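**Q** Sending over a structure as structure tokens; questions will come in a sec.
Numbering (our numbering), first residue to last: 201 to 743.
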């Protein structure tokens, strides 16, 4: 008996202690909300630019996808100067030459990072030649080096005008004459956010509501943009988290607008919401723009859907983030790189997906809303295998009364809502809300109009309805969570797990001490009374 206690109980205690020691701590470090200088360039396959060379013809530049998943993400650049062609492949992450014929452009000069700031210096041509940003405003970026000036468009990052060096040609005075890019400046100036504008607005909100709002980064996109997370913490002890994200598909910028508008209005009406019990025991987390690289491309990607629509929808690696989660990954999406629903080479390969998944696993998410557009629907995720359809009947009844949208049975694929519901672990409800659909006529004109309204009244209506839906979710999320407890064991929060393990250890230690005391007491009794126990009792300890 003594040997059994030493070899079994102590290792169990040691194992439990190690589990506690190795349990990841949930820590949130607030990142400074600032505009970061980037090295990347936002250009994708299917784009072309035509430059006029002063007194000497033309230079046509075409950009092609490599037609496969590459690390780093790359672009094939072909230049045609008066019929003479050269090509090279450049990294999208740092504009660096990977291979090809344009050997004197070690750093690509015809496209620059849009978020460059005044007085920043960046390499052009090579790492030894740096140009300084001397002008940065809404219409122009001007870089200068020893009297040379290059003028770029701040909306796209493309070269507009300047004297470019090229081996064998000397210096070419270029001026942009034509492109197939659809410059949607009016939409993003007046209606929608790009990443830089969103970042600046979040800076202002965090400063204005410093006691309520916490803005931090949960990771970076493929091209290095921070993925901002906005948290309004429960005013009392937290009993769960409601999570909303937008911009998973970069072409669907109405989701970004709606997510931000929900955040802004919750902050402005925070005191009134507290008075009716909202956000007392629940934390609200909003990720307005999960796919910032895709949003950047949606600003000027060619309007025809057949020409690389995926480069706005997908991330910079060409992966549909909503087909990259590790739930039935191979059942949905496409293995073909050119597909708009390309699922990636492996599940959860993309940094944006990893960032969202890590957040979901660290926090006690009880309700998750995934915002999209293209149609007007409320989608019940993984309908065929969804174990909580009775709960969803109540959820969709409330939300459909607000939106007036059709309720649809969602399929099985590697989407975030499916993963949250079926694979995250612990009871967590999720829902997909498709906010808007412009119809096939809009798709034939410009894919952007298919996914996003450009009428201010329509946008305003969607933000109001989405806010109302959010309040209903916050009011009912705990009730819905409790309803699903009837069908599944609860997922304990981390602190409860630790307390439970400590309690088990104390019980085991107490039992061990008790057994030792009983044995010691038995030895004392044996010394006092040498009478041998009956055979039947002795046999119990020897069998």
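Glycine included, every Cβ here is placed at the ideal spot set by N, Cα and C. Computed from a predicted model, the values in this text were never measured in an experiment.
If residue 487 and residue 429 are in contact, beta carbons under 8 Å, what's the gap, nearest whole angstrom?
**A** Contact holds; Cβ gap of about 5 Å.
**Q** Start and end of the alpha helix (DSSP H) containing residue 518?
**A** Careful: residue 518 lies outside any alpha helix (DSSP H) and carries neither H nor E.
**Q** If you draw a straight line from the C-alpha of residue 249 to the C-alpha of residue 379, how long is it?
**A** Looking at the two C-alpha atoms, the distance is approximately 4 Å.
**Q** Hey, out of 354, 375, 478, 261, whose CA is closest to residue 668's CA?
**A** Nearest C-alpha to residue 668: 478.
**Q** Helix, strand or coil, according to DSSP, for residue 303 in the structure here?
**A** Reduced to three states, the DSSP call for residue 303 is coil.
**Q** Rounded to whole angstroms, what's the CA-CA distance from residue 600 to residue 470? Just pull it up for me.
**A** Each residue's Cα considered, the two are about 25 Å apart.
**Q** Tell me whether residue 737 is buried or exposed, calling it buried when 16 or more other Cβ atoms sit within 10 Å of its Cβ.
**A** With a pLDDT of 31 at residue 737, under the threshold of 50, the modelled position of this residue cannot be trusted, and the question is left open.
**Q** Compute the Euclidean distance between the alpha carbons of residue 347 and residue 362, then round it to the nearest angstrom.
**A** Rounded to whole angstroms, residue 347 to residue 362 spans 11 Å at the Cα level.
**Q** Can you tell me which of 581, 569, 460, 366 puts its alpha carbon nearest to the alpha carbon of residue 301?
**A** That would be 366, whose Cα lies nearest to the Cα of residue 301.
**Q** In chain order, what residues of the same chain lie with their CB nearer than 7 Å to the CB of residue 360, ignoring the 5 residues before and after it?
**A** For residue 360, where only same-chain residues beyond five positions count, the Cβ hits under 7 Å are 351, 352, 353, 376.
**Q** Residues in its own chain within less than 7 Å of residue 455 by CB, not counting five upstream and five downstream?
**A** Once the five neighbours on either side are set aside, the close Cβ partners of residue 455 are 446, 447, 571, 572, 573, 635.
**Q** With a threshold of 8 Å, are at least 3 pairs of Cβ atoms found where one atom belongs to the segment 512-526 and the other to the segment 594-612?
**A** Short answer: they don't touch.
**Q** What are the residues that DSSP puts in a beta bridge with residue 191?
**A** A question about residue 191 goes unanswered here, because the residues of the chain that appear run from 201 up to 743.
**Q** Measure the alpha-carbon distance for residue 308 versus residue 370 and round it to whole angstroms.
**A** About 16 Å.
**Q** On a Cα-Cα basis, can you pick out the residue from 424, 484, 521 that is closest to residue 549?
**A** The candidate whose alpha carbon is nearest that of residue 549 is 521.
**Q** Pull up the distance between the alpha-carbon of residue 459 and that of residue 444, whole angstroms please.
**A** Those two C-alpha atoms are separated by around 7 Å.
**Q** By DSSP's criteria, residue 606 is part of a beta bridge. Which residues make up the other side?
**A** Bridge partners of residue 606: 577.
**Q** At what residues does the alpha helix (DSSP H) containing residue 555 begin and finish?
**A** First-last of the alpha helix (DSSP H) with residue 555: 551-562.
**Q** Leaving out the 5 sequence neighbours to the left and right, which residues in its chain are closer than 7 Å to residue 524 when beta-carbon positions are compared?
**A** Excluding positions up to five away in sequence, the list reads 543, 544, 547, 548, 549, 550, 553, 614.
**Q** Quick check on DSSP: helix, strand or coil for residue 393?
**A** It is coil, neither helix nor strand.
**Q** Does the separation of the CB atoms of residue 466 and residue 418 fall below 8 Å?
**A** Not in contact: residue 466 and residue 418 (Cβ atoms no closer than 8 Å).
**Q** The alpha helix (DSSP H) that contains residue 473, what's its start and end?
**A** Segment 470-475, the alpha helix (DSSP H) holding residue 473.
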